[in-house]
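Chains as they are written, first to last, in our numbering: chain P, 1 to 318; chain U, 319 to 646.
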């Protein structure tokens with residue numbers, strides 16, 4: 001009996017690149033197979049486009065005091081009794097068009113969500129790669145910090161970071177810093193999940209032959225991590241990022257609702273809801289209803305996408 | 319076993335000290351404590367005297383250890399804004415938060431576990447699918463939106479329930495007050511408790527369902543069926559029992575996060591608890607309260623983690639063997 005030329009372990013399917021898997025027909029097919037997923041994808045796309053093109057779609061710029069007139073304040077929506085055709089969804093107490101305010105608010109909410117996911121992801125992935133690849137005491141320290149942070153709810157950490165940052169920056173203007181402070185606080189409160197996942201996958205990948213080969217060729221660890229290991233651990237990261245986008249949007253809305261997020265001069269959906277809540281008892285229901293609906297639909301759609309992605313990329317469910 | 323407990327205790331102490339040091343750094347370096355306590359026109363000599371009195375001129379190590387020792391005795395200093403001892407202020411608001419959190423936890427468990435078991439056992443029924451869909455909505459709905467929705471429905475439209483406050487409270491002992499014994503107290507509790515419980519409930523339900531489905535696929539379940547055991551015995555004695563280990567961890571951690579999430583609920587319903595106090599302290603940069611709240615939450619989480627770890631060993635015989643193996 002002749003020995004096989006190659007050991008079976010070395011012909012195991014070469015790890016396909018993430019992009020390759022994404023373009024894989026399986027994924028597209030599974031996306032199209034569920035009506036709910038397609039609907040969620042469409043809604044997310046529409047909301048994204050609405051946010052990007054808000055200045056073009058919105059009939060007025062809600063933050064330009066020159067176009068807001070107090071005489072228009074608290075107008076009901078167009079379709080309700082006493083509505084004004086100029087204001088599709090009514091106006092708030094300062095005469096701002098709610099439809100425009102929601103479009104701009106959506107833009108802010110999505111921007112903060114995306115940036116904080118990118119920020120938290122970048123930190124988590126970097127630390128995860130380093131911890132998984134080097135092991136030893138570096139790994140121990142990073143993972144110990146992660147463990148401690150994981151015992152606290154992310155929203156609490158975001159709230160605390162936000163509070164401390166505002167205390168440190170209290171002399172500078174809040175409007176200029178609020179956005180960055182929120183991105184950093186929310187991002188830092190979500191890095192742990194990425195780090196743990198990436199570390200786990202890295203520890204598996206680093207013993208694979210292609211990594212050994214890269215090491216033998218003499219590539220630097222940084223290059224191996226970024227060019228060779230990173231593409232192969234991106235699948236689970238994308239799932240976490242999608243689900244975290246929903247969480248980050250909720251967190252930002254919550255912080256803004258609690259009054260420690262964005263100021264009323266550059267409102268996100270959460271700020272709009274905070275403003276609208278004051279009018280709940282006086283009958284001006286539209287001020288709180290429409291931003292709330294937008295937020296709920298946005299988060300639900302992103303969550304559905306995340307659910308689908310998790311199932312689609314999970315080999316155990318195939 | 320004892321070695322295991324001691325190891326866990328030491329680890330918990332480590333976490334507490336780490337959080338304590340973070341709290342100290344916040345207290346000492348986020349803003350100047352003296353500037354926060356005195357008025358603008360206080361002369362420099364007086365400031366210096368206060369600085370001396372607070373021990374702010376001593377080495378950092380001395381200050382840090384004094385801060386930790388004081389914290390261990392529940393002495394967190396004086397609130398910058400209210401000029402009262404922080405421990406007294408937190409103590410006065412503790413009952414409101416704990417009552418809300420405990421009622422919400424019980425609610426979420428009582429609803430979440432049966433719903434999860436049902437959705438797993440009858441996974442293809444229309445009702446189970448409805449639960450599953452609703453649970454996703456529940457997860458997507460931020461806590462404050464649930465609260466606003468409930469207020470709009472039951473306070474504004476129907477006028478059945480009060481939208482803010484704790485109602486009438488009855489003192490128990492020297493420092494505890496309860497709203498559970500008066501009609502208005504109970505009525506005030508309903509909406510905040512549901513708001514707080516909803517998110518946890520959906521989490522528990524989805525988790526129980528997922529774990530149960532996983533367990534039901536296991537070989538020993540098939541064997542149990544093959545042995546002719548009733549479905550009831552298989553589901554509740556074999557399947558549910560094995561589902562409970564991971565569920566316990568999450569529920570334990572959720573219990574802690576319920577206290578943290580109560581910040582949001584307390585704001586929506588103007589519930590006079592610790593969360594509201596913490597939020598005010600953030601807005602006013604009242605660092606002693608922030609530090610104390612942080613330590614309190616850390617303490618709570620550490621205790622919960624410890625209890626969960628110990629419960630594991632009691633519930634899961636495999637772990638018991640491992641622990642014995644490791645220590646003996």
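Glycine included, each C-beta is placed from N, C-alpha and C at the ideal position.
### Query
So which of U:616, U:627, U:410 has the shortest CA-CA distance to residue 491 of chain U?
Counting from one through the second chain, the residue named residue 491 of chain U turns up at place 173. Among U:616, U:627, U:410, the Cα nearest to that of residue 491 of chain U belongs to U:410.
### Query
Does the Cβ of residue 559 of chain U have 16 or more other Cβ atoms within 10 Å, making it buried, or fewer, making it exposed?
Position 241 of the second chain, counted from the start, is the residue given in the question as residue 559 of chain U. So residue 559 of chain U counts as exposed.
### Message
Please list, in chain order, the chain P residues whose beta carbon lies closer than 7 Å to that of residue 575 of chain U.
### Response
Counting from 1 along the second chain, the entry for residue 575 of chain U is found at position 257. Near residue 575 of chain U (Cβ distances below 7 Å), the residues of chain P are 153.
### Nearest residue (CA-CA) to residue 169 of chain P, options U:603, U:625, U:332
Here residue 169 of chain P refers to the residue found at position 169 when the first chain is read from its first residue. Of the listed residues, the one whose Cα sits closest to residue 169 of chain P is U:603.
### Query
Taking 7 Å as the CB-CB limit, is residue 105 of chain P close to chain U?
On the first chain, residue 105 of chain P is found 105 positions in, with the first residue counted as 1. So, not an interface residue.
### Task
For residue 437 of chain U, decide whether its Cβ has a neighbour in chain P, counting only Cβ atoms nearer than 7 Å.
Residue numbering aside, residue 437 of chain U sits at position 119 when the second chain is read from its first letter. Not an interface residue.
### Any C-beta of chain P under 7 Å from that of residue 564 of chain U
The sequence position of residue 564 of chain U within the second chain is 246, counting from 1. With 7 Å as the cut-off, residue 564 of chain U does not count as an interface residue toward chain P.
### Query
Taking the C-alpha atoms as reference points, what is the distance between residue 645 of chain U and residue 204 of chain P?
As a working note, residue 645 of chain U is residue 327 in the second chain. As a working note, residue 204 of chain P is residue 204 in the first chain. Low confidence applies here, because residue 645 of chain U scores a pLDDT of 45, under 50, leaving its location unreliable; read the following figure in that light. Looking at the two C-alpha atoms, the distance is approximately 30 Å.
### Query
Using 8 Å as the threshold, is the stretch 473-483 of chain U in touch with the stretch 584-594 of chain U, meaning 3 or more CB pairs across them?
At 8 Å Cβ cutoff, the stretches touch.
#### Entry: Where residue 455 of chain U meets chain P, residues with beta-carbon distance less than 7 Å
Taking the second chain and counting its residues from 1, the one referred to as residue 455 of chain U is at position 137. The answer, in chain order, is 300.
#### Entry: Integer-rounded CB distance, given that residue 184 of chain P should sit under 8 Å from residue 281 of chain P
Position 281 of the first chain, counted from the start, is the residue given in the question as residue 281 of chain P. Position 184 of the first chain, counted from the start, is the residue given in the question as residue 184 of chain P. Contact between residue 281 of chain P and residue 184 of chain P is absent: CB atoms are separated by about 36 Å, not below the 8 Å threshold.
### Message
7 Å is my cut-off, CB to CB: does residue 444 of chain U come that close to chain P?
### Response
Residue 444 of chain U sits at position 126 when you count from the first residue of the second chain. Put simply, the CB of residue 444 of chain U is far from chain P, with every gap to its CB atoms at 7 Å or more.
### Message
Quick check on the burial criterion: 16 or more other C-beta atoms within 10 angstroms. Buried or exposed for residue 466 of chain U?
### Response
Residue 466 of chain U sits at position 148 when you count from the first residue of the second chain. Residue 466 of chain U is buried by the Cβ-count criterion.
### Query
CA-CA distance, residue 146 of chain P and residue 313 of chain P?
The sequence position of residue 146 of chain P within the first chain is 146, counting from 1. The sequence position of residue 313 of chain P within the first chain is 313, counting from 1. Using only the alpha carbons, I get a separation of about 25 Å.
### Query
Can at least three beta-carbon pairs, one atom from the stretch 258-268 of chain P and one from the stretch 218-228 of chain P, be found at a separation below 8 Å?
no
#### Entry: Contact check, residue 407 of chain U vs residue 609 of chain U, beta carbons under 7 Å
Residue mapping note: residue 407 of chain U aligns to position 89 of the second chain, counting from 1. Residue mapping note: residue 609 of chain U aligns to position 291 of the second chain, counting from 1. No; because the gap between Cβ atoms is not below 7 Å, this pair is not in contact.
### Query
Relative to chain P, which residues along the stretch 372-406 of chain U have a C-beta separation below 9 Å, given in chain order?
none
### Query
Do residue 456 of chain U and residue 520 of chain U have their C-beta atoms within less than 7 Å of each other?
Against the second chain, residue 456 of chain U aligns to sequence position 138. Against the second chain, residue 520 of chain U aligns to sequence position 202. Contact flag set, yes.
#### Entry: Within chain U, the residues that residue 254 of chain P reaches when beta carbons sit closer than 8 Å
Start at 1 with the first residue of the first chain, and residue 254 of chain P comes out as number 254. Under the 8 Å cutoff, chain U gives 460, 461, 462, 582.
### Chain-order list of residues whose beta-carbon lies under 8 Å from that of residue 568 of chain U (same chain, five-residue window excluded)
Mapped onto the second chain, residue 568 of chain U falls at position 250. Only 521, 522, 525 meet the Cβ criterion.
### Task
Please report how far the alpha carbon of residue 133 of chain P lies from the alpha carbon of residue 500 of chain U, in whole angstroms.
Counted from its first residue, the first chain places residue 133 of chain P at position 133. Counted from its first residue, the second chain places residue 500 of chain U at position 182. So the two alpha carbons sit approximately 60 Å from each other.
### Query
What is the residue span of the alpha helix (DSSP H) that residue 155 of chain P lies within?
Taking the first chain and counting its residues from 1, one reaches residue 155 of chain P at position 155. Element bounds for residue 155 of chain P: 154-168.
### Task
Output yes if chain P places a C-beta closer than 7 Å to the C-beta of residue 533 of chain U; else output no.
Within the second chain, residue 533 of chain U is the residue found at index 215, counting from 1. No - not a single Cβ of chain P is within 7 Å of the one on residue 533 of chain U.
### Task
Find the nearest neighbour of residue 157 of chain P within the set P:136, P:213, P:188, judged by alpha-carbon distance.
Residue numbering aside, residue 157 of chain P sits at position 157 when the first chain is read from its first letter. For the residues P:136, P:213, P:188, the minimum Cα distance to residue 157 of chain P belongs to P:188.
#### Entry: Option in P:287, P:240, P:269 with minimal Cα separation from residue 306 of chain P
Here residue 306 of chain P refers to the residue found at position 306 when the first chain is read from its first residue. Closest option to residue 306 of chain P, Cα to Cα, is P:240.
#### Entry: Helix, strand or coil at residue 589 of chain U [DSSP, three-state]
Position 271 of the second chain, counted from the start, is the residue given in the question as residue 589 of chain U. In the structure shown, residue 589 of chain U adopts coil according to DSSP, grouped into three states.
### Query
How big is the Cα-Cα spacing for residue 248 of chain P and residue 127 of chain P?
Taking the first chain and counting its residues from 1, one reaches residue 248 of chain P at position 248. Taking the first chain and counting its residues from 1, one reaches residue 127 of chain P at position 127. Cα-Cα distance, rounded: 20 Å.
### Task
Please report how far the alpha carbon of residue 327 of chain U lies from the alpha carbon of residue 440 of chain U, in whole angstroms.
Numbered from its first residue, the second chain carries residue 327 of chain U at position 9. Numbered from its first residue, the second chain carries residue 440 of chain U at position 122. Their Cα atoms are separated by approximately 42 Å.
### Task
For residue 600 of chain U, decide whether its Cβ has a neighbour in chain P, counting only Cβ atoms nearer than 7 Å.
Position 282 of the second chain, counted from the first residue, corresponds to residue 600 of chain U. Taking 7 Å as the CB threshold, residue 600 of chain U lines the interface with chain P.
#### Entry: Cβ neighbours of residue 334 of chain U in the same chain (closer than 7 Å, five flanking residues each side left out)
The residue you call residue 334 of chain U lines up with position 16 of the second chain. Counting only residues of its own chain and dropping the five nearest sequence neighbours on each side, residue 334 of chain U has a CB closer than 7 Å to the CB of 616, 617, 620.
### Query
In the structure shown, what three-state DSSP assignment does residue 97 of chain P receive?
The residue given as residue 97 of chain P occupies position 97 in the first chain. Residue 97 of chain P carries a strand assignment under DSSP once its states are collapsed to helix, strand and coil.
### Query
Using a Cβ cut-off of 9 Å, which residues of the stretch 259-288 of chain P contact any Cβ in chain U, in chain order?
259, 260, 270, 273, 274, 276, 277, 280, 281, 283, 285, 288
### Which residues DSSP lists as bridging residue 495 of chain U, in chain order
As a first step, residue 495 of chain U must be located in the second chain, where it is residue number 177. Beta-bridge pairing links residue 495 of chain U to U:489.
### Message
Given a cut-off of 7 Å on the beta-carbon distance, is the pair residue 108 of chain P and residue 245 of chain P in contact?
### Response
Numbered from 1 along the first chain, position 108 holds the residue referred to as residue 108 of chain P. Numbered from 1 along the first chain, position 245 holds the residue referred to as residue 245 of chain P. Against a cut-off of 7 Å, the Cβ pair of residue 245 of chain P and residue 108 of chain P comes out as no contact.
### Counterpart residues of residue 91 of chain P in DSSP-defined beta bridges
Here the question's residue 91 of chain P lines up with position 91 in the first chain. DSSP output for residue 91 of chain P lists P:97 as bridge partner(s).
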